[in-house]
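In the numbering used here, the protein residues as written are -10 to 144.
So this is what it looks like as structure tokens:
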């Protein structure tokens, strides 16, 4: 059973990519990755990208802001993990820094505090320093900054 690639017209591909961007905010690298599914010449790829940007289907800043909000408020990731993942998606350091204001500082500290207390309280049968150490490691793995974790730890 061989899988045949269905061929689409330029307009069909353009429409598929518009729908891909409408469904959820995307970054350039995600759209370029999606384009690899279709056998397009470079000029056609450029035309589609320009169209998506011009019609505001593809907006790197909007994507970055939405990504930051989602990963923090829904997944409870720290800034370090969010930055790292955005860089892997090809978002510039400058744009990431500009958009980090999507995270309210009070919410950030409250989230660290809540995760710290929740995780710490679940550590059973360990000495206090072991519970603290495990909790700090956990928060670091979620992408929170060491100095802020220590501030919460010392409260």
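Glycine included, C-beta positions come from ideal geometry on N, C-alpha and C.
Query raised in the report: Do you know offhand how far residue 42's Cα is from residue 5's?
Result: Along the chain shown, one-based indexing puts residue 42 at 53. Along the chain shown, one-based indexing puts residue 5 at 16. Distance from the CA of residue 42 to the CA of residue 5, rounded to the nearest whole angstrom, comes to 15 angstroms.
**Report entry** Of the listed residues 85, 62 and 64, nearest to residue 73 (C-alpha basis)
**Finding:** Counting from 1 along the chain shown, the entry for residue 73 is found at position 84. Ranking the options by Cα distance to residue 73, first place goes to 85.
Query - Three-state secondary structure assigned by DSSP to residue 79 - result: Against the chain shown, residue 79 aligns to sequence position 90. Residue state for residue 79 is assigned as coil, using DSSP reduced to three classes.
**Report entry** C-alpha gap between residue -8 and residue 8, whole angstroms
**Finding:** What you label residue -8 is simply residue 3 of the chain shown in a count that begins at 1. What you label residue 8 is simply residue 19 of the chain shown in a count that begins at 1. With a pLDDT of only 49 at residue -8, under the threshold of 50, the placement of this residue in the model should not be trusted; the figure read from the coordinates follows. Straight across, the Cα-Cα distance linking residue -8 with residue 8 is about 24 angstroms.
Report task. Ignore the nearest five residues each way along the sequence and tell me which others in residue 88's own chain have a CB closer than 7 angstroms to its CB. Result -> Translated into the one-based positions of the chain shown, residue 88 becomes position 99. Only 50, 53, 54 and 57 meet the Cβ criterion.
Query raised in the report: Under 8 angstroms between the Cβ atoms of residue 105 and residue 139?
Result: Within the chain shown, the letter at position 116 stands for residue 105. Within the chain shown, the letter at position 150 stands for residue 139. In this structure, residue 139 does not lie closer than 8 angstroms to residue 105 by Cβ.
Query raised in the report: Nearest to residue 61 by alpha carbon, out of 40, 39 and 94?
Result: The residue given as residue 61 occupies position 72 in the chain shown. It is 94 whose Cα lies nearest to the Cα of residue 61.
Requested in this report: Report the rounded CA-to-CA distance for residue -10 versus residue 27, giving the unit in angstroms.
Outcome: As a working mapping, residue -10 is identified with position 1 in the chain shown. As a working mapping, residue 27 is identified with position 38 in the chain shown. Model confidence at residue -10 stands at a pLDDT of 48, short of 50, so the residue's coordinates are unreliable; what they give is reported in the following sentence. A straight line joining the alpha-carbon of residue -10 with that of residue 27 spans about 21 angstroms.
Requested in this report: Assign residue 30 to one of three DSSP states: helix, strand, or coil.
Outcome: For the purposes of this step, residue 30 is taken as residue 41 along the chain shown, with counting starting at 1. Coil, per DSSP.
Requested in this report: May I have the straight-line CA-CA distance separating residue 107 from residue 64, to the nearest angstrom?
Outcome: Against the chain shown, residue 107 aligns to sequence position 118. Against the chain shown, residue 64 aligns to sequence position 75. Rounded to whole angstroms, the separation of the alpha carbons of residue 64 and residue 107 is 15 angstroms.
Query raised in the report: Just checking my contact of residue 114 with residue 68 at CB under 8 angstroms: how many whole Å lie between their CB atoms?
Result: Your numbering for residue 114 matches position 125 in the chain shown. Your numbering for residue 68 matches position 79 in the chain shown. 32 angstroms between Cβ atoms; not a contact.
Report task. Sort 125, 44 and 16 by Cα distance to residue 81 and report the nearest one. Result -> As a position in the chain shown, residue 81 is number 92, starting the count at 1. For residue 81, the nearest C-alpha among the options comes from 16.
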